[in-house]
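Residue numbers (the numbering used here): 45 to 527.
Ideal Cβ placement from N, Cα and C applies to all residues, glycine included.
All values reported here derive from a predicted model rather than from experimental measurement.
Each remark here refers to the structure printed beneath this line.
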Amino acid sequence: MMQITCKLHFSILAAAGLLAAQTPAAPIANKDDFTPQTADGYRGIWYMNQPTADEYVYKYSGGFGTYPQQHAPIAIYAPAVRRTFFVYGGSAGNVSVKNDELQHMVGYYDHRSGTVPRPVRIVQKRTEDAHDNPTLSIDAEGYLYVFSSAHGTTRPSYIHRSRKPYDITAWDLLQTTNFSYTQPWYLPDSKQFLFLHTLYKNGERTLNFKTSPDAKTWTEPTLLAHIQMGDYQVSWRDSATGRVATAFDMHPSAGRAGKGLNYRTNLYYLETRDAGKTWTNAAGRPVTLPLTAVQNSALVHDYLSEDRNVYIKDIAFQKDGKPVILFLTSKGFEPGPKSGPYEWQTARWTGRGWTIRPFTTSDHNYDHGSLFIESENDWRIMAPTDPGPQPNSTGGELVLWISGNQGKDWNRMGAITHNSYYNHTYLRKVLNGHPEFYAIWADGNPLQPSASSLYFCTSDGRAFRLPQKMAGDLAEPVRVEFK
């Protein structure tokens with residue numbers, strides 16, 4: 045069994061006090077630290093949200109260096125240099141200030157040497173809120189861009205660019221502004237960024253997008269959707285066509301056991317093939333923006349009428365370009381069996397309609413996995429579908445599943461992790477991913493603050509831990525057998 049020493053000693057009361065400071069009336073002054081720093085290892089941030097005052101402790105929590113799914117991409121394979129670049133939310137490990145502090149870290153895996161360098165800190169935020177975690181983009185010339193998010197209007201957001209192509213050692217700040225839930229997609233054909241993001245309006249989450257040729261000069265945000273009390277979205281870019289697709293929910297204002305983001309429901313889908321000039325549903329019919337009605341042409345399935353919560357996990361594309369959505373439904377937002385069953389499902393566009401099929405079940409709403417479509421007869425899901433050492437909490441033991449018939453049946457190919465010390469959380473796939481570095485995630489104790497390691501795995505599920513402490517400038521990730 046893996047043993048990881050806990051290095052962070054925060055009280056539950058102190059962590060709970062963080063929630064009250066997340067949504068002030070106006071943005072606060074910029075107090076973040078931009079001092080360049082090279083870290084001596086890969087250590088993720090621990091985070092919790094909404095104490096529950098029961099045996100589950102929090103609504104969700106754990107090692108959240110790769111959280112949340114509304115941030116994408118966080119890892120990109122660059123074939124020109126045979127490196128997989130990635131960003132994550134790192135831990136400052138400083139208990140002399142208010143709990144931990146979130147560091148926006150960037151690193152890469154070199155496929156030629158099988159090594160990683162010391163990661164580089166771009167900014168240290170004066171918060172431990174993992175909603176502020178970064179995302180990554182790479183342009184046609186190889187320059188790297190890090191989009192630093194902010195949770196609501198509490199804190200500033202940033203865009204940084206590397207000074208050299210495919211190089212993480214030095215960065216320039218391009219913009220200080222405010223945005224949340226960042227999804228920056230660089231479009232090689234048109235050589236521009238399509239930036240999907242969230243803007244808060246009276247505490248509600250509105251879906252927006254804007255474009256830029258250089259990440260410096262941006263168009264004004266265009267409102268994509270604001271249905272009742274807001275929406276969450278997950279998006280992905282189809283590398284074959286350059287299309288960007290988004291799947292999103294809605295937060296009801298009435299009509300269920302409650303209202304707001306904890307009662308997220310319904311499943312919607314939109315895509316654009318021209319950098320946001322035109323948005324269509326899966327059938328190719330243009331929609332008029334913004335979407336504000338519950339019933340609209342982007343609706344995949346009405347879960348509101350079925351009184352089901354919806355948690356969107358991922359989007360992938362079949363080889364013929366048709367989209368597939370991975371998501372989970374449950375009876376409510378509270379952790380534990382009372383909100384179960386936690387049912388994983390896929391929604392596949394057939395060309396005529398959506399086919400929704402069950403996949404499996406797990407034990408928590410915020411169990412997160414990724415969908416990979418290698419061919420018509422090779423669909424893969426990597427997800428924490430086995431209970432972890434802290435059951436009924438965020439994450440668990442990761443499992444590799446494969447379907448040979450487009451999601452109708454799934455075969456369990458084996459455990460990626462087992463006999464772990466902590467739950468594994470938020471496994472995220474790589475844009476243009478290489479089989480040697482297929483997905484990245486973190487671990488942590490969801491029941492109390494803990495140290496958190498970063499991991500990646502191959503396409504066949506072999507897991508490697510990134511070094512927490514490095515003696516030199518380069519190190520080889522360690523194969524983890526989880527015995």
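With the cut-off set at 9 Å, would you say residue i and residue j are in Cβ contact?
| i | j | result |
| --- | --- | --- |
| A174 | P112 | yes |
| I120 | L180 | yes |
| L370 | Y132 | no |
| G320 | T373 | no |
| G488 | S105 | yes |
| N177 | I89 | yes |
| R199 | D77 | no |
| L335 | A291 | no |
| G134 | A184 | no |
| Q168 | A214 | no |
| R249 | D282 | no |
| Y86 | Q492 | no |
Count the other C-beta atoms from every protein chain shown that fall within 10 angstroms of the C-beta of residue i, then say buried if there are 16 or more, exposed otherwise.
| i | result |
| --- | --- |
| P123 | exposed |
| A327 | exposed |
| D25 | An answer regarding residue 25 cannot be provided, because it is not within the stretch 45 to 527 covered by the chain. |
| G302 | exposed |
| Q339 | exposed |
| E145 | buried |
| T263 | exposed |
| N246 | exposed |
| R396 | exposed |
| T197 | buried |
| A515 | exposed |
| G365 | exposed |
| N436 | buried |
| N463 | exposed |
| F508 | buried |
Measure from the alpha carbon of residue i to the alpha carbon of each residue in the options, then state which is nearest.
| i | options | result |
| --- | --- | --- |
| W423 | P265, G448, D411 and P435 | G448 |
| F403 | R396, H148 and T429 | T429 |
| V160 | E172, F129, L188 and V524 | F129 |
| R456 | Y466, V443 and S206 | V443 |
| D351 | Y313, S341, R308 and N340 | R308 |
| G158 | H478, A259 and G134 | H478 |
| W445 | V101, V167 and A459 | A459 |
| T220 | S192, S383 and G432 | S192 |
| L267 | R281, L251 and K260 | L251 |
| Y152 | M514, L510 and F526 | L510 |
| N222 | P265, R87 and Y465 | P265 |
| H148 | H155, P163, H345 and Y100 | P163 |
| D154 | F526, A337, V278 and I212 | I212 |
| T242 | K235, D233, Q236 and T226 | T226 |
| P431 | P490, L240, V524 and R392 | P490 |
| Y355 | D411, I400 and V344 | D411 |
| T536 | Q389, W398 and A259 | No statement about residue 536 is possible, as the shown extent of the chain runs from 45 to 527 and does not include it. |
| A342 | Y312, W229 and G440 | Y312 |
| T502 | V524, D517 and A519 | V524 |
| N409 | T394, G384 and W398 | G384 |
| Y210 | R126, G304, F237 and I425 | R126 |
| N353 | V101, P367, G376 and P296 | G376 |
Consult DSSP for residue i and reduce its assignment to one of helix, strand or coil.
| i | result |
| --- | --- |
| P163 | coil |
| P381 | helix |
| D176 | helix |
| L491 | coil |
| N310 | strand |
| L305 | helix |
| S283 | coil |
| N252 | strand |
| S374 | strand |
| L518 | strand |
| V125 | coil |
| Y187 | coil |
| L348 | coil |
| N93 | strand |
| D98 | coil |
| S496 | coil |
| D154 | strand |
| W323 | coil |
| I446 | strand |
| H195 | coil |
| N143 | coil |
| L475 | strand |
| M457 | strand |
Between residue i and the ligand ADP, is the CB less than 8 Å from at least one heavy atom?
| i | result |
| --- | --- |
| G448 | Summarising the ligand content, the structure contains no ligands, and the ligand ADP is consequently not present. |
- Task: Spell out a yes or no on whether the region 441 to 454 and the region 97 to 116 are touching, meaning 3 or more CB-CB pairs, one atom from each, closer than 8 Å.
- Result: Segments in contact, no.
- Item | Any 3 or more C-beta pairs closer than 8 Å across the region 484 to 498 and the region 457 to 474 | Between the region 484 to 498 and the region 457 to 474, the count of Cβ pairs shorter than 8 Å is three or higher; the stretches touch.
- Query: Is the number of C-beta pairs between the region 353 to 362 and the region 409 to 420 that are closer than 8 Å three or more?
  - Reply: With a cut-off of 8 Å, the region 409 to 420 and the region 353 to 362 count as touching, because enough Cβ pairs lie within range.
- Item | Three-pair Cβ contact test at 8 Å for the region 283 to 290 versus the region 311 to 325 | Contact between the region 283 to 290 and the region 311 to 325 is present, with at least three C-beta pairs closer than 8 Å.
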